[in-house]
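Written below as structure tokens is the structure these notes are about.
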Amino acid sequence: MQRLIPVLNSDHVPLHLISVINTLLTAAKEISHRLHQGSLAGTLGSTLDENIQGETQKKLDIVSNQLIKNMLLETGLVHAVASEEEDDIVMGNPDARYLVAYDPLDGSSNIDINSSVGTIFSILQKPDHPAEGKELFLQTGDEQIAAGYILYGPSTMLVLTTGKGVRAYTLDHTVGEFLLTVDSLTIPHDTQEFAINMSNQRHWSTPMQAYIRDLLSGVDGPRGKNFNMRWNAAMVSDVHRILTRSGLFSYPADSRKPEQPCKLRLLYEANPMSFLVEQAGGRATTGYERIMSLQPTHIHQRCSVIMGSRNEVDACLEYYKSIPCERFDC
Ligand code: AFP
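Residue 297 in the numbering used here sits at position 208 of the sequence shown, and the numbers go up by one each step.
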């Protein structure tokens with residue numbers, strides 16, 4: 090099986106970008122080891138702190154964030170990083186060109202129940218126009234030059250795109266290398282599986298309520314077929330299932346918190362996952378706009394997310410087009 094670096098070389102990925110990706114994987118191997126040690130590593134459980142998102146930080150959230158941040162900045166190849174666990178961006182080498190936005194441990198509420206979690210990353214370049222500080226990261230998802238995730242599941246897998254399709258690699262713990270295990274991931278255009286947190290159903294907008302209602306009506310309803318549901322409470326794990334066997338994933342805006350109707354973050358969750366999904370032949374939308382066309386206004390901006398099998402996302406969008414309703418302002 091091919092190792093990661095020769096594969097990226099064959100895709101003509103610039104050497105410095107390969108080095109940034111490889112550094113992320115070095116941090117990921119350490120995170121994978123600590124996760125698989127479980128309570129033996131003494132890093133389970135929560136801290137008394139909250140991150141800028143207002144979420145209680147798990148010990149491994151902090152450890153993972155520090156590992157990734159320090160390793161990336163030590164390369165001298167990274168101009169700045171933006172992290173879910175950092176209030177502001179962290180500057181690196183002013184002469185370097187790469188920007189890395191990441192969620193160090195997505196799904197961290199799953200850590201203490203020994204369920205899958207992951208690291209999500211998005212790589213941009215310093216913009217040609219003069220920009221500094223947070224403005225550096227305020228680029229649309231179409232500007233991404235690479236994106237991926239490491240899924241810490243029964244096996245540790247890297248799923249990566251550099252704009253030439255999507256490949257999957259599996260960590261061989263015996264040699265410490267990520268080996269190519271899927272040369273081209275493509276999402277089937279149709280599906281009978283969806284992923285959404287049904288407990289929020291009464292808070293969704295009318296179009297999403299109508300769409301899900303019709304899925305649940307099954308073969309006797311307007312869709313004329315039965316659907317299955319999955320919800321892993323970790324976007325990285327739910328999207329991996331969709332990349333592997335089809336599906337629709339959604340975390341739509343809802344009315345629970347009028348001041349914060351959306352949960353998922355644009356820069357380091359929705360955009361990298363949208364890049365992967367589109368490269369695999371799927372669609373990624375807010376219900377009204379293509380996610381990778383959104384112009385960010387701040388680094389922790391959130392957005393509504395509907396992504397996966399293209400024909401199923403299109404079917405969902407028909408409800409948004411045909412049912413007038415108030416739009417949540419994420
Ligand atoms: P955590 O990282 O706080 O566990 O949140 C994970 C997440 O951002 C995303 O990965 C999941 O799809 C979603 O939240 C789960 O949210 P609910 O807990 O509301 O279902």
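Quick reminder that beta carbons are idealized off the backbone N, C-alpha and C, glycines included.
Please read all numbers here as calculations on a predicted model, not as lab measurements.
Judged by DSSP in its simplified three-state form, Gln349 adopts coil rather than helix or strand.
If you compare the alpha carbons of Gln126, Gln384 and Asp100 with that of Pro243, the shortest gap goes to Gln126. Ranked by Cα distance from Leu225, the options Gly196, Gly181, Asp195 and Ser197 are led by Gly181.
Using a cutoff of 7 Å, the CB of Glu174 does not count as near the ligand AFP, since none of the ligand's heavy atoms is closer than that. Under the three-state reduction of DSSP output, Val394 falls in the strand class. With 5 Å as the limit between CB and the heavy atoms of the ligand AFP, the residues that fall short of it are Asp195, Gly196, Ser197, Ser198, Asn286, Ala322, Ala323 and Met324.
Per DSSP, Ser211 is not a residue of any alpha helix (DSSP H); the beta strand (DSSP E) it occupies stretches across Val206 to Gln214. Contact between the stretch 190 to 203 and the stretch 368 to 385 is not established, with fewer than three Cβ pairs separated by less than 8 Å. With respect to Phe210, Pro361 sits close: the two C-beta atoms are nearer than 8 Å. For Asp201, the closest C-alpha among the options Pro413, Val271, Gly310 and Lys148 is that of Lys148.
Residue range Arg256 to Asp261 is occupied by the beta strand (DSSP E) that includes Leu260. When Cβ pairs closer than 8 Å are counted between the two stretches, the stretch 258 to 272 is seen to touch the stretch 113 to 127, the count reaching three or more.
Judged by DSSP secondary structure, Met246 falls within the beta strand (DSSP E) whose first and last residues are Thr245 to Thr250. Assigned with DSSP and collapsed to three states, Met90 falls in coil, not helix or strand.
Secondary structure at Gly127: helix, using DSSP grouped into helix, strand and coil. For Arg330, same chain residues with a beta-carbon under 7 Å away, outside a window of 5 residues either side, are Arg319 and Gly336 in chain order. Per DSSP, Pro193 lies in no alpha helix (DSSP H); the unbroken beta strand (DSSP E) holding it starts and ends at Tyr187 to Asp195. Residue Phe417 holds the alpha-carbon nearest to the alpha-carbon of Gln349 among Gln384, Phe417, Ala323 and Asn400.
Taking the Cβ atoms as the reference, Val102 lies roughly 13 Å from Leu166, outside the contact range of under 8 Å.
Under DSSP, Asp150 shares a beta bridge with no residue. With contacts defined as CB atoms closer than 8 Å, Gln228 and Ile212 fail to qualify as a contacting pair.
Taking a contact to require three or more Cβ pairs closer than 8 Å, the stretch 303 to 318 and the stretch 355 to 369 do not qualify as touching. Under DSSP, Phe267 shares a beta bridge with Leu260. Each of Met246, Gln390 and Cys405 was checked against the Cα of Gly397, and the nearest Cα belongs to Cys405.
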